[in-house]
Structures are given as C-alpha cells and as structure tokens.
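Here's the structure we're looking at; comments come further down.
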Amino acid sequence: MNAASVSTKGAALQHAGAPRRRLDTSSPLVWLVIAVLFLALPYIFTKASSLSLMAQMGVMIVLALSYNMLLGQTGMLSFGHAVYSGLGAYFAIHALNRIGEGTLLFPVTLLPLIGGVFGALFGILFGWVSTKRSGVTFAMISLGIGELVHTVAMMFTGFFGGEGGIFTDRVAGEPLFGITYGPAIQVYYLVAAWTFIAMLAMFALTRTPLGRIANAVRDNPERAEFVGYNPQRVRFLMLTLSAFFAGVAGALMVMIFEIVNAENVGAIRSGSMLLATFIGGAGFFFGPVVGALLFVFFSIALAELTYAWQLYLGVFFVLLVMFAPGGLAGIGAGLLAVRRAGQARLVAAPLLAVLATGFILLCGIVALIEMTYAVSWSQVASAQFSLLGVPFDARSGGSWALGMAWTLVGAALFTYAWRGFRRRWDLALARIAEAVQAGGGA
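Residue numbering for the sequence shown follows the working numbering, starting at 25 and increasing by one per position.
Take a look at the structure:
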C-alpha cells in the first residue's frame with residue numbers, strides 16, 4: 025500500500041465522517057443534553073463520594089479543554105500548563121480566606137473569576153516570552169517556566185505555604201439564598217455550572233475568527249503569516265485565554281479540596297492534563313472531555329481497587345499513542361465514518377473478536393501485574409485475590425503458571441484477531457476511497 029493510497033483512504037474516511045460530526049457538536053440539542061445530565065447526575069449518584077468524584081471530573085474537563093486550546097487548536101505542546109491553574113488557585117484561596125475574615129466583600133459563587141483573571145494575567149506575563157517561539161522550543165520554555173514557578177512556590181512559604189500549602193474553609197461569607205457550599209451537593213452544582221459555562225465558552229471560541237486562525241497557525245504558520253496574520257500574536261492570545269480557563273479550574277479545585285500546595289503548579293499536574301487530552305483525542309473538541317472522565321476514573325476509582333493503577337494508566341497511554349494517536353474520540357469517529365459509509369458489517373465481527381480476545385489478554389496481564397505487586401509490596405498489597413472468580417495467590421507457583429498461560433493464550437488469540445480486523449478495516453477504507461473517487465469522477 026503506497027502513500028498515495030493511504031492519503032486517499034484517510035481523506036475518504038474524513039469525508040465520510042466529518043459532516044455529521046460537526047453538525048452534532050454545534051447542535052443546541054447536544055448542549056441541552058449536557059446541561060440536563062449535569063443537573064440529573066446527583067439524583068443518580070447520591071453518595072458524597074460520588075459527588076466529589078463528579079466534581080473532580082468537572083474540574084479536569086475544564087483543565088483538559090483549556091490545555092487543548094493550546095495543543096489541539098493551536099499546535100502548542102506545553103509542559104507547564106499547571107502554572108496557570110495553580111497560580112489561579114493560590115490567588116483564589118487567599119481571596120476566599122479574606123472573604124472568611126470579612127476583609128473582602130466578594131460572592132463565593134464568583135470565586136472562579138478571580139482564579140481566571142489571575143491565571144490570564146500570568147498567561148500574559150509568561151506567554152509574552154514563551155510564544156515568541158513554537159514547536160519544541162515553546163515546549164522547553166513552558167517546562168522551564170513550570171519548574172521555575174514550582175521552585176518559587178517551595179521557597180516563598182509566606183504566600184505559597186511550601187509543601188504544607190494554604191488551607192481554607194469554603195463556608196465563607198454570607199450565605200446567598202441559603203447556599204453555604206458546605207454540603208457536597210452544593211459544591212458539585214457550583215462546579216457543574218462553571219464547567220458548563222467554560223465548555224460552552226471554549227466551544228464558541230472554536231467558531232470565532234480567532235479559533236479558525238489558530239487552526240491555520242497550527243497547520244501552517246508560514247502560510248498564515250503570508251496572508252497577513254501574526255502567528256506569535258495568535259499563539260499569545262490563545263495562551264492567555266487558555267490560562268484564564270485553567271485559572272477558573274484552579275479556583276474550582278479550591279472549593280473542592282480547600283487546600284492548595286506546590287503540587288498544584290508542578291510537572292505532575294501538567295502531565296495529567298497532557299494525558300487526559302491525548303487519551304480523549306486532541307483533534308476533537310469533546311475528545312479531552314472523554315479523556316478527562318477516564319483519567320479521573322483511573323486516578324481515583326481505579327486507585328481504590330489496585331495499587332498498580334499508575335502502571336495501568338501508563339501502559340494504556342503508551343498503547344493508545346502507538347495504535348490510536350487520534351485518541352478515543354478518533355477511534356469513535358473512524359468507526360462512525362465506516363458505519364455511515366455502509367461498511368459496518370464488514371468490520372463488525374472482527375472488531376468484536378478483537379475486543380473479546382483483548383479482554384482475555386488484559387485479564388492475564390492484570391493477574392501477573394497484581395501478583396508482581398503483591399510480591400514487591402507485601403506490606404500493602406494482598407497476596408491473594410480473585411479475578412473473574414478465579415483465585416490467585418502470589419505465593420503459589422500454580423497461580424503464576426496460570427497467569428502466564430492465560431496471558432500467552434490471550435496474546436496469541438488477540439494477534440490473530442487483530443490481523444483479521446486490520447485486513448477487513450483496510451478493505452473497508454479501500455471501498456470508501458473507491459466510492460469517493462468514483463463520485464468525484466462523476
């Protein structure tokens with residue numbers, strides 16, 4: 025298969041899937057469904073822990089979407105985006121403490137605006153320097169700024185609180201209509217409201233001339249400059265706006281956790297935004313939303329089940345980048361495009377075979393990983409566990425043999441199923457490409 029055929033098939037796939045995808049994301053009905061979902065979730069998941077989990081998902085959605093304003097829309101890979109959310113959180117928590125002391129008259133409901141404004145101010149400060157360059161140079165500058173701010177946060181404990189951080193009480197100021205933000209459900213609805221507003225604003229930005237020009241700068245900055253646009257100015261504006269929304273998310277984190285420390289501006293937090301965006305798919309607006317939900321699930325829900333959750337997340341990310349660089353949203357868009365082109369039956373059975381054999385392989389790998397953790401971390405991990413009703417004991421040679429056999433059989437079945445799926449998938453793309461070429465010739 026030559027490069028031309030690959031390009032033709034890719035264009036055909038995009039042609040098959042693009043029109044409805046755009047119509048769906050810009051439809052008011054989609055946003056109405058999202059709003060109703062935000063309102064209804066607390067009635068479905070009523071536990072306080074579930075409300076906290078959903079609130080954290082909302083914050084991560086805003087963070088991932090703000091990060092994607094740089095990566096997906098403008099082509100700017102940043103390793104220091106947590107600087108803006110973290111600094112916004114610091115100023116928000118100090119403002120909240122002043123509200124509690126009575127020295128600042130400001131509604132707590134609008135606290136995210138303080139985080140957003142200060143996030144944008146630091147976006148202007150650091151963006152003026154970093155956006156003069158693009159590509160790898162910008163990425164390295166952002167990494168340096170992130171490390172600089174993290175070091176400053178550790179040194180100046182008067183404002184930043186050092187490793188211990190700054191604490192607050194979100195029940196501050198005079199209650200408005202009986203809302204104190206003490207109960208978890210009130211915090212959830214605050215986060216949900218600001219998440220919805222931020223999502224809608226960032227989506228609207230993609231439909232503005234600035235959003236379109238940012239895409240042009242991402243794709244070909246030289247051509248954008250040739251037609252009269254300043255790529256540096258576009259990058260600067262996008263970074264400033266992105267920093268604003270990151271600051272909003274930082275203030276929402278203050279309302280959830282009531283603490284801010286140096287980790288909030290560290291590289292790990294920036295990496296989490298990068299992971300969430302890539303997992304969901306930087307090429308789609310709702311891709312980072314999917315990635316944010318999955319990332320929070322990995323980091324919180326899965327962490328309660330296994331001590332190896334970070335390993336699972338890392339392996340999942342590596343495999344996704346290798347085999348589906350478009351992220352989960354890219355996979356979904358490709359499958360929808362094939363379905364709309366009338367080729368769903370061709371790939372349905374092989375796809376189910378890949379999923380089934382992949383699950384078998386996954387179970388074998390999980391068994392080996394859990395037993396390895398039980399041996400390596402005997403103080404915290406249990407040597408005995410059950411997987412799909414099958415008992416395992418890390419101290420038993422039989423369990424290790426079963427785990428390895430399970431993995432080997434799963435790998436063999438998955439390899440066979442994957443090859444069959446790839447053949448059918450390539451055939452489906454070839455048929456779509458032929459149909460597009462025939463339509464163009466006609």
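Positions of the beta carbon are idealized from the N, C-alpha and C atoms, including for glycine.
What is the DSSP secondary structure of Q80, reduced to helix, strand or coil?
-> helix
Query raised in the report: Ends of the alpha helix (DSSP H) at F416?
Result: No alpha helix (DSSP H) holds F416; the beta strand (DSSP E) holding it covers V414 to D417.
Assumed close pair L149, V320 - CB separation to whole angstroms, cut-off 8 Å
Going by Cβ atoms, the distance from L149 to V320 rounds to 30 Å, so no, they are not a contact pair.
| query | For Q97, which residues of its own chain have a beta-carbon under 8 Å away from its beta-carbon, when the five flanking residues on both sides are left out? | reply | T230, G235, A238, N239, R242 and M262
ask   = Nearest to V345 by CA position, among L317, L375 and L298, is which residue?
value = L298
Using the C-alpha atoms, what's the distance from P245 back to S166?
-> 20 Å
**OP:** Could you tell me how far apart the beta carbons of F220 and A59 are, in whole angstroms, since I believe they sit closer than 8 Å?
**Re:** 6 Å
Review point. For Q408, does the three-state DSSP call read helix, strand or coil?
Key: strand
From Y108 to L451, what distance separates their C-alpha atoms? 47 Å
Would you check if there are 3 or more beta carbon pairs closer than 8 Å linking the segment 139-153 to the segment 192-206?
-> no
Look up F308 in the DSSP assignment and say whether it is helix, strand or coil.
coil
Quick check: what's the CA-CA separation for F7 versus V313?
This structure cannot speak to residue 7, because the chain is shown only from 25 to 466.
Taking 7 Å as the limit between beta carbons, can you name the residues of its chain near T49, skipping five residues before and five after?
F309 and F310
### Message
Output needed for A325: all residues of its chain with C-beta closer than 8 Å, excluding positions within five of it in sequence on either side, in chain order.
### Response
L77
key: Three-state secondary structure assigned by DSSP to V195   = coil
Can you look up L101 in the DSSP assignment and give me helix, strand or coil?
coil
Meets three-Cβ-pair contact criterion under 8 Å: the segment 443-462 and the segment 421-428: no
Verify whether the separation of the beta carbon atoms of G354 and G315 is less than 8 Å.
no
Notebook entry, point to check: How is V289 classed by DSSP in three states: helix, strand or coil?
Noted result: helix
Exercise for the section: If I'm right that F269 touches M226 with Cβ under 8 Å, what's the distance once you round it to whole angstroms? Expected result: 6 Å
Quick check on I169: buried or exposed, where buried means 16 or more other Cβ atoms within 10 Å of its Cβ? buried
So for V251, helix, strand or coil by DSSP? coil
Which residue wins for smallest C-alpha separation from G182, given the options L135, T232 and F115? F115
Whole-number beta carbon distance between F103 and A119, since they are thought to touch under 8 Å:
Wrong, their Cβ atoms sit about 28 Å apart, outside the cutoff.
Checklist line | Range covered by the alpha helix (DSSP H) that runs through W218 | finding: A208 to T230
inquiry  = Could you tell me the alpha carbon to alpha carbon distance between G186 and T175, rounded to whole angstroms?
reply    = 10 Å
Euclidean distance between Cα positions of R46 and G82:
Legend: pLDDT at R46 = 45, less than 50; position of this residue unreliable, no value from coordinates given.
Practice item. Measure from the alpha carbon of A264 to the alpha carbon of each residue in L56, L94 and G99, then state which is nearest. Key: Looking at the sequence shown, residue 264 is not Ala but Thr. It is L94.
Looking only at its own chain, which residues have a Cβ that is under 8 Å from the Cβ of P255, when we skip the five neighbours before and after it? S158, V241, P245, A248 and E249
*Skipping 5 residues on each side, what residues in its chain have a beta carbon closer than 7 Å to that of L437?*
T381 and I384
From the DSSP secondary-structure annotation, give me the bridge partner or partners of L200. I203
*asked:* If I follow the unbroken alpha helix (DSSP H) through W55, where does it start and stop?
replied: P52 to I68
* Give the range of the alpha helix (DSSP H) segment to which Q470 is assigned. => The question about residue 470 has no answer, for the chain in this structure spans 25 to 466.
Closest to W442 by CA distance: which of L376, W401 and Q408 is it? L376
Could you check which residue in T396, F340, Y253 and R363 has the C-alpha nearest to that of P233?
Y253
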